[in-house]
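Engineer: Below you will find the structure I want to go over with you.
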Amino acid sequence: MNAVAVEGVWKYYGDFPALRGINLEVAPGACLALLGRNGAGKTTLLRIIAGFSRPGRGSVRIEGVDAREAATRSRIGVLGHGISLYDELSALENLALFGRLYNLPDPKKAALEWLERTGLERVRNGLVREFSRGMRQRLAVARAFLHNPPVLLLDEPFTALDDRAIAVLQTLLREALQRGSTILMSTHQLREALELATHVALLSRGRLAHHGERTPEMLADPGWLYTHYGEA
């Protein structure tokens, strides 16, 4: 059974087809780099896979269960463009709240662990509304990993992170892959993504232009995929 299965997905905004018949399978333990120019449909596809948006046609299944079923929510960790943290709560309160929502046995303990792992332990009692963009991104990363989900959906996860924070995130992703987690990652940071990816999918104007294993050519020249498939 695939960790993620996208079958014949179309998505319309008015009469405009943002996604056009997407078929995509991701095996358990794989890391898929989802690439494409701005407007190619990456965020739209990730939102549908996460169950946040309904496709116009087609279906998405997470570990065999429909993506919009409540049962899938505890099986995925999501980091999206809209960080969606609670500004009037502290960093610790934010993570502890999500820990309770995920029914973790000790939400505060889990929150403290992930604040430390993402370098936020010193500001654990600070209000999120006072955080910089980079600090908010770190906290959103911690929230995505908090419950050790088997499937991670990350939309531009390296945005606003400094080099040290990028290195921390890459370590967290490698550890997740070693545990057998499945990762789908949309990003413009090609080199960082391709260093982790086992597979690559390229979206072009809402269509799947390429899907396959990451090759040495892609790693040596991150722009190779765009040039090879006419995206340059």
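Going by the working numbering, the sequence shown opens with residue 1, and the numbers climb by one from there.
Where is the CB? At the ideal position from N, CA and C, for every residue including glycine.
1) Have a look at Lys42, Leu172, Leu203, Met1 and flag the residue whose alpha-carbon is nearest the alpha-carbon of Val65.
2) Cα separation between Leu45 and Leu19?
3) Per DSSP, Glu7 forms a beta bridge with which residues?
4) Specify whether the region 122-133 and the region 44-60 touch according to this definition: at least 3 beta carbon pairs, one from each stretch, less than 8 Å apart.
5) With Gly99 as the anchor, note down where its alpha helix (DSSP H) starts and where it stops.
6) For Ala232, which residues of its own chain have a beta-carbon under 8 Å away from its beta-carbon, when the five flanking residues on both sides are left out?
7) What are the start and end residues of each continuous alpha helix (DSSP H) run of 4 or more residues lying completely inside the region 98-169, in chain order?
8) Considering only DSSP beta bridges, list what Leu208 is partnered with.
9) What did DSSP end up calling Leu45 once you bin it into helix, strand or coil?
10) What does the alpha-carbon distance come out to for the pair Pro157 and Asp15?
11) Give the DSSP-derived three-state secondary structure of Thr187 in the structure shown.
12) Skipping 5 residues on each side, what residues in its chain have a beta carbon closer than 7 Å to that of Gly134?
13) Look up Thr182 in the DSSP assignment and give the residues it is bridged to.
14) Measuring straight from C-alpha to C-alpha, what distance separates Glu217 and Gln170?
15) Would you kindly work out how many angstroms separate the C-alpha atoms of Ile83 and Leu208, rounded to a whole number?
16) How should His81 be labelled, buried or exposed, when 16 other C-beta atoms within 10 angstroms of its C-beta is the threshold for buried?
17) Quick check: Ala30 and Thr182, are their CB atoms within less than 8 Å of each other?
18) Which same chain residues, not among the five before or five after Lys42, have their C-beta less than 8 Å away from its C-beta?
19) So if DSSP puts Glu213 in a beta bridge, which residue, or which two residues, is it bridged to?
20) Could you check which residue in Leu85, Phe52, Val78 has the C-alpha nearest to that of Glu69?
21) Can Glu96 and Val128 be called in contact, C-beta distance under 8 Å?
22) Following the continuous beta strand (DSSP E) through Pro32, name the residue where it begins and the one where it ends.
Structural biologist: This is what the structure gives:
1) On the sequence shown, residue 65 is found 65 positions in, with the first residue counted as 1. Nearest C-alpha to Val65: Met1.
2) Stepping through the sequence shown from its first residue, residue 45 is reached at position 45. Stepping through the sequence shown from its first residue, residue 19 is reached at position 19. Approximately 7 Å, taken between the alpha carbons.
3) As a position in the sequence shown, residue 7 is number 7, starting the count at 1. Partner(s): Ser59.
4) Verdict: no, contact absent.
5) Residue 99 sits at position 99 when you count from the first residue of the sequence shown. Unbroken alpha helix (DSSP H) run through Gly99: 91-101.
6) Looking up residue 232 in the sequence shown gives position 232. Because the pLDDT of Ala232 is 45, which lies under 50, any placement of that residue in the model is unreliable, and the number read from its coordinates should be weighed accordingly. Scanning its chain for C-beta atoms nearer than 8 Å, with the 5 sequence neighbours on each side dropped, one finds around Ala232 the residues Gly223, Tyr226, in chain order.
7) Within the region 98-169, the complete alpha helix (DSSP H) runs of at least 4 residues fall at 107-117, 133-145.
8) What you label residue 208 is simply residue 208 of the sequence shown in a count that begins at 1. According to DSSP, which records beta bridges pairwise, Leu208 is partnered with Leu203.
9) As a position in the sequence shown, residue 45 is number 45, starting the count at 1. Of the three classes helix, strand and coil, the one that applies to Leu45 here is helix, per DSSP.
10) What you label residue 157 is simply residue 157 of the sequence shown in a count that begins at 1. What you label residue 15 is simply residue 15 of the sequence shown in a count that begins at 1. C-alpha separation (whole angstroms): 30 Å.
11) Position 187 of the sequence shown holds residue 187. DSSP places Thr187 in coil when its eight states are reduced to three.
12) Taking the first residue of the sequence shown as position 1, residue 134 is located at position 134. Around Gly134: Ala160, Leu161, Asp162, Ala165.
13) Here residue 182 is taken as the residue at index 182 of the sequence shown, counted from 1. Thr182 is bridged to Val151.
14) Counted from its first residue, the sequence shown places residue 217 at position 217. Counted from its first residue, the sequence shown places residue 170 at position 170. Straight-line Cα distance between these residues: approximately 21 Å.
15) Position 83 of the sequence shown, counted from the first residue, corresponds to residue 83. Position 208 of the sequence shown, counted from the first residue, corresponds to residue 208. Rounded to the nearest angstrom, the two C-alpha atoms are 27 Å apart.
16) Here the question's residue 81 lines up with position 81 in the sequence shown. His81 is exposed by the Cβ-count criterion.
17) Numbered from 1 along the sequence shown, position 30 holds the residue referred to as residue 30. Numbered from 1 along the sequence shown, position 182 holds the residue referred to as residue 182. Result yes, Cβ atoms of Ala30 and Thr182 sit closer than 8 Å.
18) One-based indexing of the sequence shown puts residue 42 at position 42. Correct list, in chain order: Leu34, Leu35, Gly36, Asp155, Ser186, Leu203.
19) Counting from one through the sequence shown, the residue named residue 213 turns up at place 213. Beta-bridge pairing links Glu213 to His199.
20) Walking along the sequence shown from the start, residue 69 turns up at place 69. The option with the nearest alpha carbon to Glu69 is Phe52.
21) The count along the sequence shown starts at 1 and reaches residue 96 at position 96. The count along the sequence shown starts at 1 and reaches residue 128 at position 128. For the record, residue 96 in the displayed sequence is Ala; it is not Glu. Contact: no.
22) Taking the first residue of the sequence shown as position 1, residue 32 is located at position 32. Reading off the sequence, residue 32 comes out as Leu, not Pro. Start and end: 31-35.
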